[in-house]
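S.K.: Dropping the structure in here first, questions after.
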Amino acid sequence: MDLLRFITAGSVDDGKSTLIGRLLYDSKSILADQLEAIERASKSRDDGEIDLALLTDGLRSEREQGITIDVAYRYFQTPKRKFIIVDAPGHIQYTRNMVTGASNCQLAIVLVDARHGVVEQTRRHSLIASLLGIPHIVVAINKMDLVGYSQDVFSDICIHYAELAKKLNVKHVSYIPLSALNGDNVVDRSSSMGWYEGPTLLEHLETVDIEDTDLDQQAPLPGRFPVQYVIRPQTAELHDYRGYAGKITSGSFRKGDSVTVLPSGETSTIDAIEIAETHLDEAVSPMSVVLHLATDVDISRGDLIVRSDSQPTSSQSLEAMLCWMDTKECKVGNKYVLQVGTSRTRCSVREIVYQLNVNTYEEIDGIENLKLNDLAKIVLRTAQPVSFDSYQENRATGGAILIDETSNVTVGAVMLVGEA
Amino acid sequence: MKLDYLDQLESEAIHIMREVAGQFERPALLFSGGKDSITLVHLALKAFRPGKFPFPLVHIDTGHNFQEALDYRDNLADRIGEKLIVRYVEDTIREKKLKEPTGRNATRNGLQTFTLLDTIEEFEFDACIGGARRDEEKARAKERVFSVRDEFGSWDPKRQRPELWNLYNGRIHKGENVRVFPISNWTELDVWNYIRREKIELPSIYFAHERELLIRDGKLMATAGGVIKPEADDQLVTRRVRFRTVGDISCTAASESQASTLDDVIDEIQATRISERGETRMDDQLSEAAMEDRKKGGYF
Numbered sequence: 010m011d012l013l014r015f016i017t018a019g020s021v022d023d024g025k026s027t028l029i030g031r032l033l034y035d036s037k038s039i040l041a042d043q044l045e046a047i048e049r050a051s052k053s054r055d056d057g058e059i060d061l062a063l064l065t066d067g068l069r070s071e072r073e074q075g076i077t078i079d080v081a082y083r084y085f086q087t088p089k090r091k092f093i094i095v096d097a098p099g100h101i102q103y104t105r106n107m108v109t110g111a112s113n114c115q116l117a118i119v120l121v122d123a124r125h126g127v128v129e130q131t132r133r134h135s136l137i138a139s140l141l142g143i144p145h146i147v148v149a150i151n152k153m154d155l156v157g158y159s160q161d162v163f164s165d166i167c168i169h170y171a172e173l174a175k176k177l178n179v180k181h182v183s184y185i186p187l188s189a190l191n192g193d194n195v196v197d198r199s200s201s202m203g204w205y206e207g208p209t210l211l212e213h214l215e216t217v218d219i220e221d222t223d224l225d226q227q228a229p230l231p232g233r234f235p236v237q238y239v240i241r242p243q244t245a246e247l248h249d250y251r252g253y254a255g256k257i258t259s260g261s262f263r264k265g266d267s268v269t270v271l272p273s274g275e276t277s278t279i280d281a282i283e284i285a286e287t288h289l290d291e292a293v294s295p296m297s298v299v300l301h302l303a304t305d306v307d308i309s310r311g312d313l314i315v316r317s318d319s320q321p322t323s324s325q326s327l328e329a330m331l332c333w334m335d336t337k338e339c340k341v342g343n344k345y346v347l348q349v350g351t352s353r354t355r356c357s358v359r360e361i362v363y364q365l366n367v368n369t370y371e372e373i374d375g376i377e378n379l380k381l382n383d384l385a386k387i388v389l390r391t392a393q394p395v396s397f398d399s400y401q402e403n404r405a406t407g408g409a410i411l412i413d414e415t416s417n418v419t420v421g422a423v424m425l426v427g428e429a
Numbered sequence: 017m018k019l020d021y022l023d024q025l026e027s028e029a030i031h032i033m034r035e036v037a038g039q040f041e042r043p044a045l046l047f048s049g050g051k052d053s054i055t056l057v058h059l060a061l062k063a064f065r066p067g068k069f070p071f072p073l074v075h076i077d078t079g080h081n082f083q084e085a086l087d088y089r090d091n092l093a094d095r096i097g098e099k100l101i102v103r104y105v106e107d108t109i110r111e112k113k114l115k116e117p118t119g120r121n122a123t124r125n126g127l128q129t130f131t132l133l134d135t136i137e138e139f140e141f142d143a144c145i146g147g148a149r150r151d152e153e154k155a156r157a158k159e160r161v162f163s164v165r166d167e168f169g170s171w172d173p174k175r176q177r178p179e180l181w182n183l184y185n186g187r188i189h190k191g192e193n194v195r196v197f198p199i200s201n202w203t204e205l206d207v208w209n210y211i212r213r214e215k216i217e218l219p220s221i222y223f224a225h226e227r228e229l230l231i232r233d234g235k236l237m238a239t240a241g242g243v244i245k246p247e248a249d250d251q252l253v254t255r256r257v258r259f260r261t262v263g264d265i266s267c268t269a270a271s272e273s274q275a276s277t278l279d280d281v282i283d284e285i286q287a288t289r290i291s292e293r294g295e296t297r298m299d300d301q302l303s304e305a306a307m308e309d310r311k312k313g314g315y316f
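Residue numbers (my numbering), protein chains in the order written: chain S, 10 to 429; chain U, 17 to 316.
As structure tokens, this is what we get:
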């Protein structure tokens, strides 16, 4: 069975929590005691109807304030597939939280209120999904019950959204009319929208093709292996054992492959590939394995082993898209730690090329500093050369984080574009 | 080549453990002899063999543990030749003159936090790997894989670090520590399916057996070792049961079951309509935010 990670984007008013609740409820993924708990909680509120949104508010302050504070993860499965729902809050600190949640997802559900159509939020969520390289977007047009299940309303929104999608880098867009509150087209087919012939939301999630999760690549992605840890038992019988432990973050490696170790540039060939002492001839992403090389090369954590036939860019001057995630502003000249894969190096922000207006997609020049939730194109200068791929081609080696050296907090999400 | 979901979860967990090994100086793996931490040990074998673990196994023993789990714990540490550190809640109670909860449903479970924080200080652990899963509880669903705790072990849900792609930021100040949850994305059923696939041995109390119990507030509680003293209106019974989780005896309920093999157990879990913690953990039902409040206090 395979695994699909998807994010739901939309403000509280769009019915996001209700949609997740409905998906879990109608797919029978809520157990009796959990249901009783929300029934009890619903009764103490107003109209006595079960409030499915209560399922997703996990923290005391969220229940007190009726808002969602942080990303939560939920799990369910059907006979066809396992799912991880990344439930990102729509309200406060939206950009930061959505970026956090979206970074590992293969699909995004963008909720649209049928009464309001495409609004600023829709544009913002779609832009983030596109920047983060999520290959599949489902535009879930919710609250169809409040527009009389009108096919015209649905068609108008589809046309409007398709215009917007043209400006974005999104591979596959699907449109589903539904009512999360009443359960129309979420798990069960709606009897009120006979005109809609497409799949229900769950059918779509169960069948969408996620084989090809990595962006616009026709050819297979290149082999990349950031070294996490060196295994050296140093016992009498394993005196010379030296295994490089890590995860293949993209592509594949075969025994006998010529590899290059970065940043040193030394070359060797793969002598053995192991998982828990079992030898393999070939290993693919995302397997965690141990590699052995034919020659003695100086390798430690932070190095990147790549297939010699397809090497990444190495540079100390990088152009990148940045989502700023801290309340402390990011100013030109500030220094941070840049982490790409397992390697860390100090860097400084050389230039803010432009800030991106997340609602209009306009590029704003002349910006000196970035505030929480701002998106911008920047130039970074690093202390050591960084080996990377463009994020648009390879999420694994193109995604990076900025860390504040004094607070140690992760302050920026970086999507590397290329050499500056 | 396409990876099955269990392979994907396994690979992710191994990756997380190796990040701990690469980023921290003095990590530990919290090991109780329950199925989740047993799974962690199995994953650590896959992550680091033929090398030694870069961390000791640490058990915070409440003194109210099932003997079967303790025996399993000691045998496993022995068999794999890794270091096991045990610290006792009993000692903390004595040394710090802590007040033990009394009364009908008294449990030492909450006092574990004190012993855990002392142990972290004693060994200067900067990371503690634990077997918590996000599907267990609604507050857990919000927690990061790398969960930074302050010097009091306290979790602040509003100050969590963004966690992007598969990049984990374990940088901390001295005195802080990180709780790391490699099987965050696993569900109860995933753990059982993995145990079956990997043929991992478990303590016998996970399988159906006859046991003396008392019925209290509708739950079947073990009388093992006299931890729970029967009161006048408690009904003593002998039933065929198994345990779905293995925690402190005083707050872990048994389930009636005929499931004596892994296949039976998995069938039973697939058919159940009650969640793992809902069925077995008395301590989560004390209030709506019981788990969240304990974690803010430094609990795992």
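Backbone N, C-alpha and C fix where the C-beta goes; we use that ideal spot for every residue, glycine too.
#1: I'd like to know whether the C-beta of residue 91 (chain S) is nearer than 8 Å to at least one C-beta of chain U.
#2: Taking three-plus beta-carbon pairs below 8 Å as touching, is the segment 180-190 of chain U in contact with the segment 127-136 of chain U?
#3: By DSSP's criteria, residue 301 (chain S) is part of a beta bridge. Which residues make up the other side?
#4: Does residue 21 (chain U) get closer than 8 Å to chain S when you measure Cβ to Cβ?
#5: So, are the CB atoms of residue 403 (chain S) and residue 267 (chain S) less than 8 Å apart?
#6: Exposed or buried, which one is residue 288 (chain S) when buried takes at least 16 other CB atoms within 10 Å?
#7: Put residue 88 (chain U) into one of helix, strand or coil per three-state DSSP.
#8: At a CB-CB cut-off below 8 Å, which residues of chain S make contact with residue 52 (chain U)?
#9: Throw me the rounded Cβ distance for the residue 240 (chain S) and residue 64 (chain U) pair, which I believe falls under 8 Å.
#10: Classify residue 153 (chain S) as buried or exposed, calling it buried when 16 or more other Cβ atoms lie within 10 Å of its own Cβ.
#11: Can you list, in chain order, the residues of its chain with a C-beta nearer than 6 Å to that of residue 256 (chain U)? Leave out the 5 residues immediately preceding and following it.
#12: For residue 274 (chain U), does the count of other Cβ atoms within 10 angstroms reach 16, so buried, or fall short, so exposed?
#13: Does chain U have any CB closer than 8 Å to the CB of residue 418 (chain S)?
#14: My guess is that residue 277 (chain S) and residue 306 (chain S) are in contact by the Cβ rule of under 8 Å, so how many angstroms apart are they, rounded?
#15: So residue 359 (chain S) is in the beta strand (DSSP E); what residue range does that whole segment cover?
#16: According to a CB-to-CB cut-off of less than 7 Å, which residues of the segment 230-263 of chain U neighbour chain S?
#17: By the criterion of Cβ-Cβ separation under 7 Å, what are the contact partners of residue 351 (chain S) in chain U?
#18: Below 8 Å on C-beta distance, what does residue 84 (chain S) contact in chain U?
#19: Can you pull out the residues from the segment 294-317 of chain S whose beta carbon lies closer than 8 Å to at least one beta carbon of chain U?
#20: Do you know offhand how far residue 25 (chain U)'s Cα is from residue 202 (chain U)'s?
#21: When you compare each of S:80, S:86, S:34 and S:39 to residue 12 (chain S) by their alpha carbons, which one comes out closest?
#22: According to DSSP, is residue 113 (chain S) part of a helix, a strand, or is it coil?
#23: Write down the C-beta distance between residue 28 (chain S) and residue 196 (chain S) rounded to the nearest angstrom, noting that I regard them as a contact closer than 8 Å.
#24: Shorter than 8 Å from the beta carbon of residue 136 (chain S) to some beta carbon of chain U?
#25: Strictly under 8 Å for the Cβ-Cβ distance: is residue 238 (chain S) near chain U by that measure?
#26: Work out the CA separation of residue 193 (chain S) and residue 206 (chain S) for me, nearest whole Å.
#27: Three or more beta-carbon pairs under 8 Å between the segment 102-118 of chain U and the segment 73-88 of chain U, yes or no?
#28: DSSP puts residue 36 (chain U) in a beta bridge; with which residues?
#29: Which word fits residue 168 (chain U), buried or exposed, when buried means at least 16 other C-beta atoms lie within 10 angstroms of its C-beta?
#30: If you measure from the beta carbon of residue 76 (chain S) to each beta carbon in chain U, is any gap under 8 Å?
#31: Secondary structure at residue 175 (chain S), three-state DSSP: helix, strand or coil?
#32: Identify each residue in the segment 61-95 of chain U for which the Cβ-Cβ distance to at least one residue of chain S is less than 9 Å, and report them in chain order.
#33: If you reduce the DSSP assignment to three classes, tell me which class residue 173 (chain U) lands in.
#34: Can residue 420 (chain S) and residue 328 (chain S) be called in contact, C-beta distance under 8 Å?
#35: Go ahead and pull the three-state DSSP assignment for residue 215 (chain S).
#36: Distance cutoff 8 Å, beta carbons only. Does residue 412 (chain S) sit that close to anything in chain U?
M.R.: According to the data block:
#1: yes
#2: no
#3: S:281
#4: yes
#5: no
#6: exposed
#7: helix
#8: Within 8 Å Cβ-Cβ: nothing; residue 52 (chain U) doesn't reach chain S, min ~15 Å.
#9: 6 Å
#10: buried
#11: 224 and 226
#12: exposed
#13: yes
#14: 5 Å
#15: 352-365
#16: none
#17: 38
#18: 150, 151, 201 and 203
#19: 295, 296, 297 and 310
#20: 7 Å
#21: S:86
#22: coil
#23: Wrong, their Cβ atoms sit about 11 Å apart, outside the cutoff.
#24: no
#25: yes
#26: 13 Å
#27: yes
#28: Looking at the DSSP assignment, residue 36 (chain U) forms no beta bridge with any residue, so it has no partner.
#29: exposed
#30: Caution is warranted here: a pLDDT of 49 is assigned to residue 76 (chain S), below 50, making its placement in the model unreliable, and the coordinate value is therefore given only provisionally. So, not an interface residue.
#31: coil
#32: 61, 62, 63, 64, 65, 66, 67, 68 and 70
#33: helix
#34: no
#35: helix
#36: yes
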